[in-house]
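Data first, discussion second: the structure below is written as C-alpha cells.
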Amino acid sequence: MFAEERKREILRILSEKGKVRNYNLSQIFSVSEPTIRKDISELDEQKLLIRTHGGALAINTNQDEPTFVEKKDKYHREKDTIGQLAASMIKDHDIVILDSGTTTVEIAKYITAKHITIITNSLNVAQSLENKNDIELIVTGGMMRWNTMAMVGPMTEKALSGIQADIAFVGTNGISEKGFSTPNLIESETKSMMLGKATKKFIVSDSSKVGKTHLSIFATLLEVDGIITDEGLDETFIEYCESMDVDVLMRGGDPNDFNGDVKSRD
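Residue numbering for the sequence shown follows my numbering, starting at 38 and increasing by one per position.
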C-alpha cells in the first residue's frame, strides 16, 4: 500500500472511531510505528487530524453539517427548480452520476430521458428512481454516513474507479472563490472522484451555500463546467464565475445555453 493510500485509510478509520493509536495502526497496515508517526505528523500539518501522544484524534467535521432530514425541507422551491433544470440536461442513453443530497433527489424525480444509466452513492436517490423502468441503476455501495445518507470510502471509490460517465451532478455545502467544499474529508474525496469520472461536470446547489467555505475543498471553479442554482446568486459572483469560464444556469435559463465546452481535471 502506498503512503497516500495508507493516510486516506487512517482518515477513514478516524471518521468511524474518533481516535486511533499508533500501535494499532502499525498492526493494521503492517508497518512500523515510526512510519505511522510520520503519516500522523503529515496529516496533522495538513490540519486533517489532531496528533496526540501515541495516536490521533478526529477533527469534528460534523459540527456545521446539518443532517439530510434537517436539509430536505429547506429551500425546497429552489431545489425543485434546480432539479427540473438539471434533469432537462440529461439526454437519452446518457450515463449519469448523481451525488447524494437533497438537491440530487429532486433531479431524480424529474428525469424523463430514456435508456439511461444512473450511478449514485445515495439510497434516497435510488428510492426516487424505483418506478422509472427505463433507467439502469447502479448503487456504489460503501460506508454509510447516516448524517448525509451518503455512501463513501474505499468501496465507493472502487465502484467509481472503473466507470466513465457523460455527466455528473454533485452537491456542495459551500461555494466560494476558493471552490466547492464540504465539512467531511471522506465525503469530499468521493465528490472529487465523481466529478473526475464525468465528461461534463456540474455543481447543483441553492444560493444559500454561496460565500461559505468548509474544511475540505473537493473542486475548484476551474474544474467544473457549470453551477446549477437559483436566482438568489449574487451578480458579482456570477460575473466572477463567467470570468472563470464557468456557466451559471438558473430558473428561466435555457440548458442549451451551456457552451458545450468541457474541462479536464488532469
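Every residue gets a Cβ at the ideal spot worked out from N, C-alpha and C, and that includes glycine. Fair warning: this is a prediction, and the values are worked out from it, not measured in the lab.
Which listed residue (the options) has its alpha carbon closest to that of residue i
i: Gly248; options: Met230, Gly211, Leu258, Thr266; result: Gly211
i: Ile240; options: Ile223, Glu279, Asp284; result: Asp284
i: Gly178; options: Asp243, Leu197, Glu53, Val207; result: Leu197
i: Val207; options: Ile148, Tyr147, Lys234; result: Lys234
i: Ser225; options: Arg182, Gln201, Asp267; result: Arg182
i: Lys246; options: Glu115, Ile172, Asn184; result: Glu115
i: Leu80; options: Met188, Leu222, Tyr277; result: Leu222
i: His29; options: Glu82, Thr140, Glu53; result: What is shown of the chain runs 38 to 303, which leaves residue 29 out entirely.
i: Arg288; options: Tyr277, Glu268, Glu276; result: Glu268
i: Met38; options: Ala256, Thr72, Tyr277; result: Thr72
Cβ-based neighbour list, residue i, same chain, cut-off 6 angstroms, excluding 5 preceding and 5 following
i: Ala145; result: Val162, Ser165, Leu166
i: Ile265; result: Ile119, Leu122, Ala123, Phe239, Val241, Leu286
i: His251; result: Asn210, Gly211, Ser218, Thr219, Pro220
i: Thr273; result: none
i: Ile77; result: Arg88, Ala93
i: Glu173; result: Thr154
i: Ile134; result: Ile156, Ala202, Ala205, Met231, Ala235
i: Ser244; result: Thr266, Asp267, Gly269, Leu270
i: Lys84; result: none
Limits of the unbroken alpha helix (DSSP H) element including residue i
i: Ile144; result: 139-147
i: Phe274; result: 272-280
i: Gly190; result: Gly190 -> no alpha helix (DSSP H), and no H or E assigned at all.
i: Ile119; result: 113-124
i: Arg288; result: Here Arg288 belongs to no alpha helix (DSSP H), and DSSP marks it neither H nor E.
i: Phe66; result: 59-66
Own chain partners of residue i with C-beta closer than 7 angstroms, once the 5 adjacent residues on each side are dropped
i: Met186; result: Phe105, Ser137, Ser159, Leu160, Asn161
i: Asp117; result: Glu143
i: Asp131; result: Ala150, Ile153, Asp203, Ile204
i: Gln201; result: Lys234
i: Tyr147; result: Gly120, Gln121, Ala124
i: Ile275; result: Val285
i: Ser213; result: Gly248, Lys249, Thr250
i: Ala256; result: Gly216, Phe217, Ser229, Leu232
Terminal residues of the beta strand (DSSP E) in which residue i lies
i: Ser78; result: Segment 70-82 is the alpha helix (DSSP H) holding Ser78; no beta strand (DSSP E) there.
i: Arg87; result: As written in the sequence, residue 87 is Ile, which differs from the Arg given in the question. Start and end: 87-89.
i: Thr177; result: Run containing Thr177: none; DSSP gives neither H nor E here.
i: Lys228; result: Careful: Lys228 lies outside any beta strand (DSSP E), inside the alpha helix (DSSP H) at 222-233.
i: Ala163; result: No beta strand (DSSP E) contains Ala163, which is instead part of the alpha helix (DSSP H) from 160-165.
i: Ser253; result: 253-256
i: Ser213; result: 211-213
i: Leu94; result: 92-94
i: Leu51; result: Not the beta strand (DSSP E): Leu51 falls in the alpha helix (DSSP H), residues 40-54.
i: Gly208; result: 202-208
i: Leu135; result: 132-135
i: Thr250; result: Counting along the chain, Thr250 falls outside any beta strand (DSSP E), and DSSP gives it neither H nor E.
i: Ile127; result: Run containing Ile127: none; DSSP gives neither H nor E here.
i: Gly216; result: 216-219
i: Gly199; result: Looking at the DSSP string, Gly199 is not in any beta strand (DSSP E), and its letter there is neither H nor E.
Chain-order list of residues whose beta-carbon lies under 8 angstroms from that of residue i (same chain, five-residue window excluded)
i: Arg21; result: Residue 21 is absent from the structure shown; the chain starts at 38 and stops at 303.
i: Lys322; result: As displayed, the chain neither begins before 38 nor continues past 303, which places residue 322 out of reach and without an answer.
i: Ile254; result: Lys215, Gly216, Phe217, Ser218, Ser225
i: Ser69; result: Ser63
i: Asn170; result: none
i: Ala40; result: Asp76
i: Asn168; result: none
Cβ separation of residue i and residue j, assumed to be a contact under 8 angstroms, to the nearest whole Å
i: Ile175; j: Ile156; result: 5 angstroms
i: Leu270; j: Gly216; result: Not a contact, Cβ separation roughly 16 angstroms.
i: Leu62; j: Leu86; result: That belief does not hold up - the Cβ atoms of Leu62 and Leu86 are roughly 12 angstroms apart, past 8 angstroms.
i: Arg43; j: Phe66; result: 6 angstroms
Neighbour flag for residue i against chain D, beta carbons, 8 angstroms
i: Glu268; result: Of the chains in the structure shown, none is chain D; there is only one protein chain.
Segment contact flag, the region 185-193 with the region 215-234, C-beta cutoff 8 angstroms, min 3 pairs: yes
Could you tell me whether the region 122-139 touches the region 274-284, where touching means 3 or more Cβ pairs closer than 8 angstroms? no
Given 8 angstroms, three or more beta-carbon pairs between the region 41-59 and the region 80-93: As far as the Cβ criterion goes, the region 41-59 touches the region 80-93, which means the pair count is three or higher.
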